[in-house]
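Here is the structure we will look at.
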Amino acid sequence: MAMSRAWRKWAFTLAPVMGLGLLAGSSAAEDPFVIAQRDISFTPRAVTIKVGDQVTFRNEDPFGHNVYSPSMNGVFDIGLQDPGTETPVTFTAPGEFIIQCRIHPKMRAKVLVEP
């Protein structure tokens, strides 16, 4: 009987944690990678993806941004991005990509691309 009670306590403690892990896993698989531009900052400030994954840059500010990466292994510049627009970028090489805004130089983020 003591073993049964211990087992039930363990099962009830672990079940919610496992459920959260399953929910988080399915959500991550369904949701695309998005870096928002909000309040003159990137949110989140860092993401980790795999080669071939796409990151969507979404401008949630009421003014334009110019998102670019000067990184040696993958330079890109999406140009002026108007408020409310989204621009996808596919990362085709591994490495660390620094993301910046030409209009607001203090805005910085990082995309880590794993093989």
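Numbered by mature numbering (1 follows the signal peptide of the UniProt record, and there is no 0), the letters in the sequence shown go through residues -29 to -1, 1 to 86 in order.
Glycine is no exception: its CB is placed at the ideal position from the N, C-alpha and C atoms.
- Going by DSSP, T27 is part of the beta strand (DSSP E) stretching over 25 to 30.
- DSSP places A17 inside the beta strand (DSSP E), whose first and last residues are 17 to 21.
- Counting other Cβ atoms within 10 Å of its Cβ, M43 stays below 16 and is therefore classed as exposed.
- When only Cα atoms are considered, K81 and V5 end up about 12 Å apart.
- DSSP places R9 in the uninterrupted beta strand (DSSP E) bounded by 4 to 9.
- In the structure shown, the three-state DSSP call for A64 is coil.
- Beta bridge pairing from DSSP links V38 with C72.
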